[in-house]
Amino acid sequence: MKNSKKYDVIIIGAGLSGLTLANEIITRTSKSVLILEKKKKFSNDKNWCFWNVPENPFTKYADNIWSKVVIKIDKKKKELESKGINYLRIKPLTFYKRILSSFKKRNVTILMNQKINHLNIDKNEKIIKSNNIEYKSNLIFDSRPNKIDNKKNRLFQHFYGFEVLFEKKVLDIDKITLMDFQCFSKGINFFYILPFSSRRALIETTYFSTTIYKSNKYKKDIINYIKKNFNGYNYKLISKEKGIIPMFYESNLRENKLIKIGLSGNWIRASTGYSFQNSFINAKMIVDNLISGKKEEIKIPKLIMFLDLIFCDFITKYPADSKYFFYCFFFKNNLTDIVNFLTGRTKFLKIFAMLLSLPKTKMILSLISLIKNKVKNNESY
Ligand SMILES: Cc1cc2nc3c(=O)[nH]c(=O)nc-3n(C[C@H](O)[C@H](O)[C@H](O)COP(=O)(O)OP(=O)(O)OC[C@H]3O[C@@H](n4cnc5c(N)ncnc54)[C@H](O)[C@@H]3O)c2cc1C
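Just remember that the working numbering sits 680 ahead of the position in the sequence shown, which is counted from 1.
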């Protein structure tokens, strides 16, 4: 024990939340940071997309920018465009390289290929044993994802995507398809298409449902979709990405006195599954609290949490009405209002006006059931 190395802060996981938080800590404090990562190396394992508003430190490094957004519901198609609103994509390696270069000559150590063997937490000290070496710190953040437990009838966003290269130019590179809704009675299923060139795109099938499927089902979905929508043109698979994201908020954000961050620390918006923008906001909030001696926690605005939970209850209870919900949201509002709403930047009166454009009766029923549950479980917002 005497030989164990001591750091002011230890972060488990060098992903989006871990690296963003480490960067914020080393930029604004003199604390030493150790990051322990399971992966052997950084790779392009997913695509991070986000709206250009509000700006974040990586907005200017986006690999792709699109200004037009397509929504398709039951043969109805809407193309949305608003001045100054763009949808951006950054490759993980662009993000990793930039953030790691800002770590140079700073008080931060990243150890890859780590296997955490043991955690010993007592009142004053926390000890982590990784690859059989001990590290001590009073403050440990943990970005390991929680185990997926879908036995509780909870809602998840689950998706599977192929990056494909077509033999011919078949894609319109100006537009992304944000949601192309499919027939699905147990929740929501839509396709998401990001064209990287006129021949190359990410084509992804996404479900909002309580049941998660085996990989083969998603793969078949994609193959059938390409057959139906791209005239049978030949294509080859370049890579794949997949994910399962909870569409609820966790109540336990400290486990063994480790502070959860990222996916299991409620950094992802339950209604959308997006967390890229939030990561910078949350890392800043934690470091603000760290500097001012408060609890190193994030606070999600109560109204956002409340609206997200109503939305998720709606999808769970009224799957047959979910497409109509999206129809109202996308076809009756403009892109600026939609993006402000999705990124939590809408003023109260505007939120109220947008809520009036949605199916009211069932939303009120979801609201009542949410309040009843909260009262029953004696929880507050
Ligand atoms: C395929 C995919 C696409 C997504 N696309 C978007 C998007 O377009 N826009 C958006 O806003 N959000 C998106 N998300 C959601 C979210 O932004 C990402 O999941 C994001 O990476 C979450 O950050 P995180 O730090 O929680 O997890 P990660 O970035 O996954 O980081 C967790 C890190 O912990 C490491 N780790 C795990 N277990 C251990 C262990 N035992 N010991 C040490 N290290 C460990 C992992 O290897 C990983 O590096 C996407 C998610 C997925 C899965």
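We put the CB at the ideal spot given by N, CA and C, even for glycine. Values in this document were obtained by computation on a predicted structure and should not be read as measured data.
From K1040 to I753, what distance separates their C-alpha atoms?
-> Reading the sequence shown from its first residue, position 360 is the one you call residue 1040. Reading the sequence shown from its first residue, position 73 is the one you call residue 753. About 20 Å.
Go through its chain and collect everything with a Cβ distance to N812's Cβ below 7 Å, but skip five positions before and after it.
-> Locating residue 812 in the sequence shown gives position 132, where the first residue counts as 1. If we look at N812 and ignore the five residues flanking it on each side, its Cβ neighbours are N797.
Is T886 helix, strand or coil when you go by DSSP?
-> Locating residue 886 in the sequence shown gives position 206, where the first residue counts as 1. Looking at T886 - three-state DSSP - the assignment turns out to be strand.
When every heavy atom of ligand 1 is checked, does at least one fall within less than 6 Å of the C-beta of W728?
-> As a working mapping, residue 728 is identified with position 48 in the sequence shown. Yes; taking the cut-off as 6 Å, the Cβ of W728 has a heavy atom of ligand 1 nearer than that.
How many angstroms separate the CA atom of L851 from the CA atom of N909?
-> Sequence index remark: in the sequence shown, residue 851 carries index 171 (1-based). Sequence index remark: in the sequence shown, residue 909 carries index 229 (1-based). Their backbone Cα atoms lie some 11 Å apart in a straight line.
Per DSSP, which residues does Y840 bridge with? Please list them.
-> Numbered from its first residue, the sequence shown carries residue 840 at position 160. Looking at the DSSP assignment, Y840 forms a beta bridge with T885 and K922.
Nearest-angstrom beta carbon gap, D822 and L938 [assumed within contact, 8 Å] = Mapped onto the sequence shown, residue 938 falls at position 258. Mapped onto the sequence shown, residue 822 falls at position 142. For L938 against D822, the beta-carbon gap comes to about 4 Å, under 8 Å, which counts as contact.
Give the secondary structure of S810 by DSSP, where H, G and I count as helix, E and B as strand, and everything else as coil.
-> On the sequence shown, position 130 is the one that residue 810 refers to. In the structure shown, S810 sits in a strand (DSSP, three-state: E or B).
On the premise that L819 lies in contact with V689, defined as a C-beta separation below 8 Å, what is that separation, rounded to the nearest angstrom?
-> To locate residue 689, count along the sequence shown from 1; it is residue 9. To locate residue 819, count along the sequence shown from 1; it is residue 139. About 5 Å separates the Cβ atoms of V689 and L819, confirming a contact at the 8 Å cut-off.
Shortest alpha-carbon distance to E717 belongs to which of E704, S810 and K686?
-> Along the sequence shown, one-based indexing puts residue 717 at 37. Shortest Cα-Cα distance from E717 to any of E704, S810 and K686 involves S810.
Taking only the alpha-carbon atoms, compute the straight-line gap between E956 and F1005 and give it to the nearest angstrom.
-> Walking along the sequence shown from the start, residue 956 turns up at place 276. Walking along the sequence shown from the start, residue 1005 turns up at place 325. The sequence as given places Phe at residue 956; Glu does not occur at that position. Distance between the alpha carbons of F956 and F1005: 25 Å.
Between S747 and D854, which are expected to be in contact by the criterion C-beta below 8 Å, what is the C-beta distance as a whole number of angstroms?
-> Working through the sequence shown from its first residue, we reach residue 747 at position 67. Working through the sequence shown from its first residue, we reach residue 854 at position 174. Indeed they touch by this definition, with Cβ atoms about 7 Å apart.
So what does DSSP say about Y1061, is it helix, strand or coil?
-> Translated into positions along the sequence shown, residue 1061 becomes position 381. The pLDDT assigned to Y1061 is 44, lower than 50, so where the model puts this residue is not dependable, and the model offers no usable value.
Does DSSP put D968 in a helix, a strand or coil?
-> Numbered from 1 along the sequence shown, position 288 holds the residue referred to as residue 968. D968 carries a helical assignment under DSSP once its states are collapsed to helix, strand and coil.
Cα-Cα separation between I712 and L835, rounded to whole angstroms = To locate residue 712, count along the sequence shown from 1; it is residue 32. To locate residue 835, count along the sequence shown from 1; it is residue 155. In the sequence under discussion, the amino acid at residue 712 is Ser, which differs from the Ile named in the question. Here the alpha carbon of S712 sits roughly 39 Å from the alpha carbon of L835.
Answer with buried or exposed for N736, where buried requires no fewer than 16 other C-beta atoms within 10 angstroms of its C-beta.
-> One-based indexing of the sequence shown puts residue 736 at position 56. With 16 or more other Cβ atoms within 10 Å, it is buried.
Can you list the alpha helix (DSSP H) stretches of 4 or more residues lying completely in the segment 770 to 826, in chain order?
-> Fully enclosed alpha helix (DSSP H) runs of 4 or longer: 772 to 783.
Kindly indicate which three-state DSSP category N732 falls into: helix, strand or coil?
-> Sequence index remark: in the sequence shown, residue 732 carries index 52 (1-based). Taken through DSSP and simplified to helix, strand or coil, N732 comes out as coil.
Under the rule that 16 or more other beta-carbon atoms within 10 Å means buried, what is K771, buried or exposed?
-> Position 91 of the sequence shown, counting from 1, holds the residue named residue 771. It is buried - the Cβ of K771 has at least 16 other Cβ atoms within 10 Å.
Closer than 6 Å: is that where the CB of E921 sits relative to any heavy atom of ligand 3?
-> This structure lacks ligand 3; the ligands present are ligand 1.
Assign I691 to one of two classes, buried (16 or more other C-beta atoms within 10 Å of its C-beta) or exposed (fewer than that).
-> Your numbering for residue 691 matches position 11 in the sequence shown. It counts as buried.
Are the segment 939 to 951 and the segment 793 to 807 touching, with three or more C-beta to C-beta distances below 8 Å?
-> Judged by Cβ distances under 8 Å, the segment 939 to 951 makes no contact with the segment 793 to 807, as fewer than three pairs qualify.
On the three-pair Cβ rule with 8 Å, is the segment 967 to 983 touching the segment 754 to 770?
-> Result no; under three Cβ-Cβ pairs closer than 8 Å.
Residues that DSSP places opposite H927 in a beta bridge = If you number the sequence shown from 1, residue 927 lands on position 247. The amino acid at residue 927 is misidentified as His; the sequence shows Met. In the DSSP output, where bridge partners are listed per residue, M927 has none listed.
Apart from the five residues just before and just after D993, which ones in its own chain have a Cβ nearer than 7 Å to its Cβ?
-> As a working mapping, residue 993 is identified with position 313 in the sequence shown. Closer than 7 Å at Cβ, skipping near neighbours: S1046, S1049 and L1050.
Return helix, strand or coil for N869, following the three-state DSSP convention.
-> Residue 869 sits at position 189 when you count from the first residue of the sequence shown. Here N869 sits in strand by DSSP.
What are the partner residues of Y767, as DSSP defines its beta bridges?
-> For the purposes of this step, residue 767 is identified with residue 87 of the sequence shown, where counting begins at 1. According to DSSP, which records beta bridges pairwise, Y767 is partnered with W731 and W746.
Just checking my contact of A950 with Y929 at CB under 8 Å: how many whole Å lie between their CB atoms?
-> Position 270 of the sequence shown holds residue 950. Position 249 of the sequence shown holds residue 929. Between Y929 and A950 the Cβ distance is about 6 Å, and since that is below 8 Å, they are a contact.
Can you grab the Cα-Cα spacing for the pair K940 / N932, in whole Å?
-> What you label residue 940 is simply residue 260 of the sequence shown in a count that begins at 1. What you label residue 932 is simply residue 252 of the sequence shown in a count that begins at 1. Their backbone Cα atoms lie some 9 Å apart in a straight line.
CA-CA distance, T886 and F842?
-> Residue mapping note: residue 886 aligns to position 206 of the sequence shown, counting from 1. Residue mapping note: residue 842 aligns to position 162 of the sequence shown, counting from 1. Cα to Cα, the separation comes out at about 12 Å.
So is the beta-carbon of E717 under 6 Å away from any non-hydrogen atom of ligand 1?
-> Numbered from its first residue, the sequence shown carries residue 717 at position 37. Checking every heavy atom of ligand 1 against the Cβ of E717, one is found closer than 6 Å.
Would you list the one or two residues that DSSP bridges to D860?
-> Locating residue 860 in the sequence shown gives position 180, where the first residue counts as 1. Per DSSP, the beta bridge partners of D860 are K752 and F871.
Those residues which DSSP pairs with I715 across a bridge = As a working mapping, residue 715 is identified with position 35 in the sequence shown. In the DSSP output, where bridge partners are listed per residue, I715 has I691 and I790.
Contact between the segment 875 to 892 and the segment 1005 to 1021 (3+ Cβ pairs under 8 Å) = Verdict: no, contact absent.
F1099: buried (16+ other C-beta within 10 angstroms of its C-beta) or exposed?
-> The requested residue 1099 does not occur in the structure, where the chain is confined to residues 681 to 1061.
Top-ranked residue by Cα proximity to N793, from F722, R934, K831 and N896 | Residue mapping note: residue 793 aligns to position 113 of the sequence shown, counting from 1. Answer by Cα proximity: F722.
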